[in-house]
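Trainee: Encoded as structure tokens, here's the structure I'll be asking about.
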Amino acid sequence: MILLNSSIGNYITSNGKRYSYFGGNNYLGLAAHPLVKEAAVKAIEKYGVNFSASRRTSGTADIHMELEEKLAHFKGKQDSVVFASGYQGNSILLEVLRERYTHIFLDQYAHSSIHSAVKSSSARIHIYNHCDAGHLEHLMEEFSGSAPLIITDGVFALTGEMAPLDKIYPLVKKHNAILIVDDAHATGVLGKNGRGTPEYFNLPENENIFQSETMSKALGSYGGFISAGRVFTDFLRETSSIYQASTSLPPSVVGAGIAALAVINGNPELRIRLIAKADDLRERIKELDFQTTSDRTPIIPVMLNSIEKAKQFSLYLEEHGIIVPYMDYPSSHGSYMIRIAVSASHTEDQIDELLEFMKKWRKIY
Ligand SMILES: Cc1ncc(COP(=O)(O)O)c(C=O)c1O
């Protein structure tokens, strides 16, 4: 565990020492952006720290309405609903859609928020091989005639792989299925307008496709959200006990979310810069003969054949002033890994330095 004594950005302070930072999910570098921080402070000054009530009772403030309107605009939808965390989004969707599906098809390596949401559903569960639309198709054929719901991460948190939505979408059409995409790592990052993996894959507008999203990663703030047509968002507000029984998002988080959206809308080049940096780093990592994944996301895993190697690599980098966390459980590729998260704000020098020490480690070990 890394103990922070600072905010997160290109550099962090941990145990009193300064490190170049490639951890976390601060893809657009907004978590400590001056305008985002200022908005959070202003919101606290005006509204205090907590509204201390649920949205349905007395916990809705004008800034919640403003944030939801701005998120809807960002997403090109009629409306958005914000709630306590991105983790809750999958549970909320499965909760409010429950009358519309009997069978759930989920990726084997879906995020734990998906697994825990699915566990509390009474539908029949089918697990398909990781990112394998052929296997999904086979399972869906076997249970054709059911009311199917497919649920997957849009971008997988550890490996940065994208779900093959281009291949999954025809199955959605064919079986009249619902598709839920957890786009925690794609929101603000992928697609022409940063709307995530459905936009990246140019999927047509389809009212059976839902995204579960979060402001806690690229959007630099905190809290989950779901965007859709107003009939659906009204239904969600009326029927989701998770939404209704949680305290509303705190002012600082709401203020920060509004400010982060303004930064993103005003600076579309942030996304372009991010992906260009990630592409470049991934290629140079491959040139060093490390094994990684190829999807064009800001998450770059480096696959290693044992947990000891992963730990040693991460510690070696740390000793040289660079944080790249290792994962102490095997990834979907069956190997252990360190996980590099690129940010639009990383400098060329930082990236060169990371590569230099990766190269040195390769020579020594
Ligand atoms: C794929 C995925 N979904 C959901 C979440 C939960 O989002 P939040 O941390 O904003 O609650 C995470 C990670 O945090 C994630 O990686």
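So the mapping is simple: the numbering used here equals the position in the sequence shown, first residue as 1, plus 295. C-beta: ideal position from N, C-alpha, C; glycine also. Keep in mind it's a predicted model, so treat the numbers as computed, not measured.
Just checking, does the segment 633-648 make contact with the segment 321-329 on the three C-beta pairs under 8 Å criterion?
Mentor: These segments touch.
Trainee: Could you compute how far the alpha carbon of L389 sits from the alpha carbon of Q383?
Mentor: Counting from 1 along the sequence shown, the entry for residue 389 is found at position 94. Counting from 1 along the sequence shown, the entry for residue 383 is found at position 88. Distance between the alpha carbons of L389 and Q383: 10 Å.
Trainee: Comparing alpha-carbon positions, which option in E432, G486 and L392 lies nearest K469?
Mentor: Within the sequence shown, the letter at position 174 stands for residue 469. Among E432, G486 and L392, the Cα nearest to that of K469 belongs to E432.
Trainee: Tell me the DSSP bridge mates of S347?
Mentor: Here the question's residue 347 lines up with position 52 in the sequence shown. DSSP output for S347 lists no bridge partner at all.
Trainee: Beta carbon of G515: closer than 7 Å to some heavy atom of ligand 1?
Mentor: For the purposes of this step, residue 515 is taken as the residue at position 220 of the sequence shown. Not so, every heavy atom of ligand 1 lies at least 7 Å from the Cβ.
Trainee: With a threshold of 16 other CB atoms inside 10 Å of the CB of K658, please say whether the residue is buried or exposed.
Mentor: Against the sequence shown, residue 658 aligns to sequence position 363. Answer is exposed; the Cβ neighbour count stays below 16.
Trainee: With DSSP collapsed to three states, give me the class of A452.
Mentor: Taking the first residue of the sequence shown as 1, we reach residue 452 at position 157. Here A452 sits in coil by DSSP.
Trainee: Would you call the CB atoms of S601 and A551 closer than 8 Å?
Mentor: Along the sequence shown, one-based indexing puts residue 601 at 306. Along the sequence shown, one-based indexing puts residue 551 at 256. No, Cβ-Cβ distance for S601 and A551 is not below 8 Å.
Trainee: In chain order, what residues place their C-beta within less than 5 Å of a heavy atom belonging to ligand 1?
Mentor: Every residue passing the under-5 Å Cβ criterion appears here: S380, G381, Y382, H406, S408, D448, A452, D477, A479, T509 and S511.
Trainee: Is the segment 329-347 in contact with the segment 550-566, if contact means three or more CB pairs nearer than 8 Å?
Mentor: Yes, since at least three Cβ pairs between the segment 329-347 and the segment 550-566 fall closer than 8 Å, the two stretches touch.
Trainee: To which residues does DSSP link E444 through a beta bridge?
Mentor: As a working note, residue 444 is residue 149 in the sequence shown. Contrary to the premise, residue 444 reads as Leu rather than Glu in this sequence. Its beta-bridge partners are I399 and I473.
Trainee: Can you tell me which of the three DSSP states S640 falls into?
Mentor: As a position in the sequence shown, residue 640 is number 345, starting the count at 1. DSSP places S640 in coil when its eight states are reduced to three.
Trainee: If we ignore side chains and look at the alpha-carbon of each, how far apart do G318 and Y624 end up?
Mentor: As a working note, residue 318 is residue 23 in the sequence shown. As a working note, residue 624 is residue 329 in the sequence shown. G318 and Y624: Cα-Cα distance of roughly 17 Å.
Trainee: Report all residues from its chain with a CB closer than 6 Å to the CB of A379; omit the five preceding and five following residues, and keep chain order.
Mentor: As a first step, residue 379 is located in the sequence shown; it is residue number 84 there, counting from the start. For A379, where only same-chain residues beyond five positions count, the Cβ hits under 6 Å are S541.
Trainee: Starting from the N-terminal side, write out each stretch of the beta strand (DSSP E) that is 3 residues or longer and does not extend beyond the segment 560-603.
Mentor: Correct list: 594-599.
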